[in-house]
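Our numbering puts the sequence shown at residues 24 to 180.
Here a beta-carbon is modelled for each residue, glycine too, at the ideal position from N, C-alpha and C.
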Amino acid sequence: MKKLITGLVLLGVVATAVAQKDDSSNDALLSNGGIESLRGKAQLSETRESDKMKRVLKDREVVERNYVHQPPVIPHQIRGYKVDLNSNKCLSCHGWKYAKEVGATKVSPTHFETRDGMTLSDISPRRYFCSQCHVPQVDAKPLVKNEFRAVESLSHK
Ligand code: HEC
Ligand code: HEC
Numbered sequence: 024m025k026k027l028i029t030g031l032v033l034l035g036v037v038a039t040a041v042a043q044k045d046d047s048s049n050d051a052l053l054s055n056g057g058i059e060s061l062r063g064k065a066q067l068s069e070t071r072e073s074d075k076m077k078r079v080l081k082d083r084e085v086v087e088r089n090y091v092h093q094p095p096v097i098p099h100q101i102r103g104y105k106v107d108l109n110s111n112k113c114l115s116c117h118g119w120k121y122a123k124e125v126g127a128t129k130v131s132p133t134h135f136e137t138r139d140g141m142t143l144s145d146i147s148p149r150r151y152f153c154s155q156c157h158v159p160q161v162d163a164k165p166l167v168k169n170e171f172r173a174v175e176s177l178s179h180k
């Protein structure tokens with residue numbers, strides 16, 4: 024028992040020492056113009072190695088929405104889906120003309136409305152660049168804890 028206690032005390036001393044060392048090296052980093060962020064520590068004068076690209080989730084079921092008016096997230100990859108002046112790849116599946124055939128959700132009527140509330144016969148310019156609002160998802164751990172819950176009426180549990 025005595026040994027165990029001595030062991031634990033020693034462990035405590037070592038842990039404190041390590042913690043203090045960490046603290047002081049952190050101080051040194053920060054006072055030399057370094058920064059510490061959610062991505063870790065870096066010196067401003069050095070180019071930090073970038074994180075590995077996260078893998079985009081492929082072809083999933085539609086992801087449930089968490090609040091009314093949420094732009095639904097994209098449950099598939101979008102690499103190579105071009106949206107420019109001449110063409111919009113997204114609309115070749117999500118436009119009303121093709122959606123049924125492809126089995127995609129059609130863009131909702133709000134996507135035809137101008138900001139003055141006029142309904143156009145084609146997609147409204149302010150809804151043309153889809154990825155301004157809709158984004159694919161990656162399987163990433165949250166950087167900070169988040170306890171967000173959907174409102175009761177939209178809850179799926
Ligand atoms: C090859 C056809 C195709 C293309 C191109 C395509 N999608 Fe999709 N998309 C689908 C299908 C199929 C689904 C799943 C639909 C379903 O199950 O209701 C889907 C789902 C979605 C959803 C989820 C809808 C919901 O109700 O939750 C969004 C948002 C979406 N796509 C946006 C986009 C955007 C933005 C682009 C262009 C960058 C794009 N898609 C390109 C076929 C396509
Ligand atoms: C300015 C933001 C914005 C842009 C740009 C935008 N959307 Fe949306 N989208 C939304 C919002 C918000 C919703 C959910 C509420 C609604 O339907 O308006 C939505 C809903 C959808 C849905 C689901 C419709 C339904 O009936 O459930 C699809 C599919 C979709 N958008 C596809 C697209 C595609 C494809 C484009 C590009 C041509 C696009 N969106 C551009 C904001 C946007």
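Here LYS64 is not near ALA163, since their CB atoms are 9 Å or more apart.
The shortest C-alpha to C-alpha distance from LEU80 to any of THR137, GLN100 and TRP119 is the one to GLN100.
Between the stretch 123–141 and the stretch 47–61, the count of C-beta pairs closer than 8 Å stays below three; the two stretches do not touch. Taking C-beta atoms as the reference points, PRO98 and VAL85 count as a pair closer than 9 Å. Counting along the chain, the unbroken beta strand (DSSP E) around ALA65 starts and ends at 63–65. Rounded to whole angstroms, the Cβ separation of TYR90 and VAL174 is 6 Å, and the two are in contact under 8 Å. Between VAL96 and GLN160, the C-beta gap is smaller than 9 Å, which places the two residues in contact. Annotation for SER115: the continuous alpha helix (DSSP H) segment containing it runs 114–117. Closest in alpha carbon position to SER60, among PHE171, SER176 and VAL167, is VAL167.
Runs of the alpha helix (DSSP H) spanning 4 or more residues and lying entirely within the stretch 93–160 occur at 114–117 and 122–125, in chain order. The beta carbon of HIS117 is closer than 7 Å to those of ALA127, THR128, LYS129 and VAL130 in its chain, skipping five residues each way along the sequence. Counting every other CB atom within 10 Å of its CB across the protein chains shown gives CYS153 a total of 16 or more, marking it as buried.
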